[in-house]
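Participant: One structure is given below, represented as structure tokens, and several questions about it will come after.
In this note's numbering, the protein residues as written are 1 to 142.
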């Protein structure tokens, strides 16, 4: 179904991230639970499912955080990169779920400052996954 009218805000940027679930699962197995502790907030970890659904959930959030990092100009924080291992920005990006089920983002510290400096006022997130891929689309506006 098409929207009845175009959105009344200027679109500033958009990022799309696709992540292969098996690669992510393999990476998590190598890195261990420390990886999750250092890159997902307490809230993100507390609402994750168990088993394979947990991997899909975490992959979707990781893709979303990657898309947001790209928009904020922090896109050198890719999975497995040396910079990603040292970065604290991952905990400054928190992916939440509204009561409607719609994903939302909360930014903290440096990431919030960057978003403010870029003039970002509105975030539009979409997260989806299958057993094979996780995908996140993030658009931002004034």
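Glycine is no exception: its CB is placed at the ideal position from the N, C-alpha and C atoms. Treat the numbers as computed from the prediction; the structure is a model and nothing was measured.
For residue 90, count neighbouring Cβ atoms within 10 angstroms of its own Cβ and tell me buried if that reaches 16, exposed if not.
Facilitator: For the purposes of this step, residue 90 is taken as residue 90 along the chain shown, with counting starting at 1. When all chains shown are included, residue 90 counts as buried.
Participant: Counting pairs of Cβ atoms below 8 Å between the stretch 19-26 and the stretch 93-105, do you hit three or more?
Facilitator: Touching, no, given that fewer than three Cβ pairs across the two stretches are closer than 8 Å.
Participant: Does the beta-carbon distance from residue 60 to residue 106 come in below 8 Å?
Facilitator: As a position in the chain shown, residue 60 is number 60, starting the count at 1. As a position in the chain shown, residue 106 is number 106, starting the count at 1. No; because the gap between Cβ atoms is not below 8 Å, this pair is not in contact.
Participant: Closest by CA to residue 74, which one among 56, 51, 111 and 50?
Facilitator: Reading the chain shown from its first residue, position 74 is the one you call residue 74. Cα-wise, what sits closest to residue 74 is 111.
Participant: If we ignore side chains and look at the alpha-carbon of each, how far apart do residue 19 and residue 50 end up?
Facilitator: Here residue 19 refers to the residue found at position 19 when the chain shown is read from its first residue. Here residue 50 refers to the residue found at position 50 when the chain shown is read from its first residue. Going from the Cα of residue 19 to the Cα of residue 50 covers about 19 Å.
Participant: Would DSSP call residue 17 helix, strand or coil?
Facilitator: Here residue 17 corresponds to residue number 17 of the chain shown, with the count starting at 1. Residue 17: strand per DSSP, three-state reduction.
Participant: Answer with buried or exposed for residue 65, where buried requires no fewer than 16 other C-beta atoms within 10 angstroms of its C-beta.
Facilitator: In the chain shown, the residue the question calls residue 65 occupies position 65. Residue 65 should be labelled buried.
Participant: What are the boundary residues of the alpha helix (DSSP H) that includes residue 35?
Facilitator: Against the chain shown, residue 35 aligns to sequence position 35. It spans 33-39 - the alpha helix (DSSP H) in which residue 35 sits, taken as one unbroken run.
Participant: Assign residue 128 to one of two classes, buried (16 or more other C-beta atoms within 10 Å of its C-beta) or exposed (fewer than that).
Facilitator: Here the question's residue 128 lines up with position 128 in the chain shown. So residue 128 counts as exposed.
Participant: Name the one or two DSSP bridge partners that residue 133 has.
Facilitator: By 1-based counting over the chain shown, the position of residue 133 is 133. Its beta-bridge partners are 20.
Participant: Cutting at 8 Å between CB atoms, please list the residues of its own chain near residue 122, excluding the five before and the five after it.
Facilitator: To locate residue 122, count along the chain shown from 1; it is residue 122. So the list reads 9, 140, 141 and 142, once near-sequence residues are dropped.
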